[in-house]
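>
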Amino acid sequence: MVEYSKCQKALRDKTDLSQTFVLNQSSVCAGDQGQDACTGDGGSPLVCPDPMSPGQYVQVGAAAWGIGCGMQGVPGVYSSVAHHGEWIQRVLNDKFPDFDLRLGQ
11 MVEYSKCQKA LRDKTDLSQT FVLNQSSVCA GDQGQDACTG DGGSPLVCPD
61 PMSPGQYVQV GAAAWGIGCG MQGVPGVYSS VAHHGEWIQR VLNDKFPDFD
111 LRLGQ
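In my numbering, the protein residues as written are 11 to 115.
1) Tell me, please, whether the region 17-24 touches the region 79-93 by the rule of three or more beta-carbon pairs shorter than 8 Å.
2) Helix, strand or coil: how does DSSP classify G53 here?
3) So W76 and A47 are in contact, right, with Cβ under 8 Å, and what is the actual spacing, rounded?
4) Which of helix, strand or coil does DSSP assign to G41?
5) Going by CA-CA distance only, name the one from L111, S28, F106 that's closest to A92.
6) Find out if the Cβ-Cβ distance for the pair G95, A40 is shorter than 8 Å.
7) Need the endpoints of the beta strand (DSSP E) that V87 sits in, please.
8) In terms of alpha-carbon separation, which member of K19, D42, T49 lies closest to S28?
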């Protein structure tokens, strides 16, 4: 995971995006050289170790966009599961009322 301010700075400084580019607050960033989503990976899960359940993972994002693939110092951008949690929960509860859903932060 890459902190929001560091991600925005990297996208401004290391890509063709302008210095006035503002990363959407509903985004989370992750990845670095050789560790990134790439063409065709849109919607793929971004998972992190679950601090509440050792040995398990929790989805924290879905691949949204990026500049290049696995470029050093240029993180990929993901839609935040936590930011969209209420909508995700509502849709899943409508379709799968017995599904036990716990959203990551």
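Ideal Cβ positions, reconstructed from N, Cα and C, are used throughout, including at glycine.
Judging by the given coordinates:
1) yes
2) coil
3) A small fix is needed here, since residue 76 is Gly in this sequence, not Trp. Right, their Cβ atoms sit about 6 Å apart.
4) coil
5) L111
6) Not closer than 8 Å, so no.
7) 86-90
8) For the set K19, D42, T49, the Cα lying nearest the Cα of S28 is the one of K19.
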